[in-house]
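For any residue, its number in our numbering is found by taking its place in the sequence shown, counting from 1, and adding 4. For every residue, glycine included, the Cβ atom is placed at its ideal position computed from N, Cα and C. All figures in this text were calculated on a predicted structure; none of them were measured in a lab.
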Amino acid sequence: MSSQNGVSWVQLEAIATDNPYIDGVLKGLLVHDYDSFLDHLYTELDLAITRLEENRELRKNDSEDRLTLDIVDWLKARGFYAEHDSQIGGHVDIVVRKNNYLWLGEAKIRRGNSNLWDGFLQLCTRYATGDTNQKEGGLLIYAREPNTSHQMNTWEEHLKSKALPEYSSAPCPKRSLSFFSVHNLEMSGQEFRVRHMPVMLYFEPKDKSGRNRKG
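The following block contains the structure:
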């Protein structure tokens, strides 16, 4: 595709290689099935998470809702129909729609594995149906303690101990700290995949100027 007076599609793709924002716009235009919808969504979610982590010193007192609203606003600005606290089997933290596709997300400030498990149950037993147009969901984990890698490993082990039907897990190819879990939903009896995504908000600088900034 080319244009005498404008930028060709090939040129846009070349620009997008070095520009995640243009890349996101192009992926949004090319959404044609549920998998391409998810690929686009997870790219944008990771960008939103990165933004939060870059300013974590300003986020230490933010509530779950404030953090989640900022992620929802990012997704809206990137062309998704996104909502916070919508009614779908209950008050869902994040609802994302594009075309006929639906993705639901639950968000929790991590206070141990028990409250994450509660959020996981909310998502998988109250909100999600696992129908054809909503085969995946997500759990956003706001981590304010050190060693996020260890926290995610213990959370993954906690999930495995619950003996969910047909359970399995796998690393996320887009982001090393995230992982996917898969199990059969009780309601549909069909496979449902959850992306578990940490947001690193721990901030304890050791240098003098950093300690002053923290204070």
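Among residues of its own chain, excluding the 5 on either side of residue i, which ones have a beta-carbon nearer than 7 Å to its beta-carbon?
i    : result
A132 : L108, Q138, G141, L189 and F196
V46  : The question names Val, yet the displayed sequence has Tyr at residue 46. Once the five neighbours on either side are set aside, the close Cβ partners of Y46 are K178 and R199.
Alpha carbon to alpha carbon, how far is residue i from residue j?
i    : j    : result
N113 : T129 : Here the sequence assigns Ile to residue 113, which means Asn is not the residue at that position. Rounded to whole angstroms, I113 to T129 spans 20 Å at the Cα level.
T158 : R60  : 23 Å
G168 : Q91  : A quick correction: the sequence has Leu, not Gly, at residue 168. Approximately 26 Å, taken between the alpha carbons.
V198 : P209 : 33 Å
L73  : M191 : 29 Å
R55  : L79  : 12 Å
L125 : G94  : 12 Å
R82  : H154 : 32 Å
F207 : N65  : 12 Å
G116 : I98  : 22 Å
H44  : D89  : 22 Å
I53  : D211 : 25 Å
L181 : T136 : 28 Å
S118 : K166 : 12 Å
Once you ignore the five residues that flank residue i on each side, which residues in its own chain have a CB closer than 8 Å to its CB?
i    : result
N103 : V35 and F41
S173 : E160, L163, K164, F183, F184, S185 and V186
E170 : V186, H187, N188 and E195
L120 : K112, R114, L143, I145, W159 and H162
E48  : G28, W78, L79, R82 and F84
Would you kindly report the start and end of the unbroken beta strand (DSSP E) that includes residue i?
i    : result
Y206 : Per DSSP, Y206 belongs to no beta strand (DSSP E) and is neither H nor E.
H44  : Here H44 belongs to no beta strand (DSSP E); instead the alpha helix (DSSP H) covers Y38 to E58.
E68  : Run containing E68: none in the beta strand (DSSP E); it sits in the alpha helix (DSSP H), E68 to A81.
R101 : I98 to K102
F84  : Careful: F84 lies outside any beta strand (DSSP E) and carries neither H nor E.
N188 : F183 to N188
P175 : S172 to P175
Does the separation of the CB atoms of residue i and residue j fall below 8 Å?
i    : j    : result
M156 : H200 : yes
L106 : G123 : no
V100 : A86  : yes
E149 : A111 : no
L71  : R63  : yes
With a CB to CB cut of under 6 Å and the five nearest residues on each side skipped, what residues in its chain are close to residue i?
i    : result
E175 : In the sequence as displayed, the identity of residue 175 is Pro instead of Glu. Hits under 6 Å: F183.
M204 : E57, A147 and T152
G134 : L189, S192, Q194 and F196
I75  : A52
Mind listing, in chain order, the continuous beta strand (DSSP E) runs of no fewer than 3 residues lying wholly within the region 111 to 168? At a cut-off of 3 residues, the continuous stretches assigned as beta strand (DSSP E) that sit fully inside the region 111 to 168 are 140 to 147.
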